[in-house]
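Engineer: Be aware that the sequence shown starts at 1, since it is given in this note's numbering, and climbs by one per residue. Sharing a structure with you now.
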Amino acid sequence: LFMVGFAYGILRGYSLERCAQVANYYGGLAVGSVGIPRKIKIRESFV
Numbered sequence: 001l002f003m004v005g006f007a008y009g010i011l012r013g014y015s016l017e018r019c020a021q022v023a024n025y026y027g028g029l030a031v032g033s034v035g036i037p038r039k040i041k042i043r044e045s046f047v
């Protein structure tokens, strides 16, 4: 989600600093839950 947030900022015309802030917010959402998501295949995500 980090890259999605950054791309969103770029498309909205935000400064690079603001894009990084938005990206960090959305990246934080991805790691905000406890445990490993069951639907993600860990090995395949590193390929």
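Cβ coordinates follow ideal geometry from the N, Cα and C atoms, glycine included. Owing to the predicted nature of the structure, the values given are computational and were not obtained by experimental measurement.
Is any heavy atom in the ligand SAM found nearer than 8 Å to the beta carbon of G32?
Structural biologist: Ligands are entirely absent from the displayed structure, and the ligand SAM is therefore not among its contents.
Engineer: Give every residue of the same chain whose Cβ lies closer than 8 Å to the Cβ of M3, excluding the five residues on either side of it in the sequence, and list them in chain order.
Structural biologist: A23
Engineer: Pull up the CB-CB distance for L1 and G27, whole angstroms please, since I reckon it's below 8 Å.
Structural biologist: 6 Å
Engineer: Just curious, the alpha helix (DSSP H) that Y25 is in, first and last residue?
Structural biologist: L16 to A30
Engineer: If you follow the alpha helix (DSSP H) that L1 is in, where does it begin and where does it stop?
Structural biologist: First-last for L1: undefined, no H or E at that position.
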